[in-house]
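Notes to accompany the following structure.
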Amino acid sequence: MSMTVSLLVGLLAARGRFPLRLFVAGSALLWVALAALAGALVCLLLAVVPRYGNVQWAPGRPLTYFGDIRRATDDCRLAEALDVTEAHPTEGVLEALAQNSRIVGAKHRWIRAGLGAYCVGMLLLPIVRLVG
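FYI, the numbering for the sequence shown is 416 to 547, going by our numbering.
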């Protein structure tokens, strides 16, 4: 992002051109580019937002991630939950894989959207300079 800001400042400062002194088309493209870059930042921040499994642990179910362990501990049933997990390891692994796949898929979508918006913004910045 710092390289993007440096590029933007360089493009606008060259030959004394600033956003207020651009032609209408250049100003419009500049604002579209800035909106795309801001959108890219939002998308990439949403990619790192923590996501937890949507299946709540209940007694008799195996533990799949740290939230399940916390819930079992809060209910004073951690030993029972560990016994169930040991007795049925495949169920816990399959559920954990399904939850992790969903979480990674959501993060991957936000990363793709952020990179797409970033590329659009970066392609528009030199065009702003050319259009003036």
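Where is the CB? At the ideal position from N, CA and C, for every residue including glycine.
Considering just the uninterrupted stretch of the alpha helix (DSSP H) at residue i, what are its terminal residues?
| i | result |
| --- | --- |
| A487 | 481 to 489 |
| W446 | 439 to 462 |
Do residue i and residue j have their C-beta atoms within less than 8 Å of each other?
| i | j | result |
| --- | --- | --- |
| A528 | C458 | yes |
| P474 | H503 | no |
| L444 | L539 | yes |
| G547 | L452 | no |
| A462 | I518 | no |
Is residue i helix, strand or coil by DSSP?
| i | result |
| --- | --- |
| P504 | helix |
| P541 | helix |
| V470 | coil |
| G475 | coil |
Report all residues from its chain with a CB closer than 8 Å to the CB of residue i; omit the five preceding and five following residues, and keep chain order.
| i | result |
| --- | --- |
| W472 | L478, T479, G482, D483, R486, A487, A496 |
| R492 | P474 |
| A532 | A451, L452, G454, A455, C458 |
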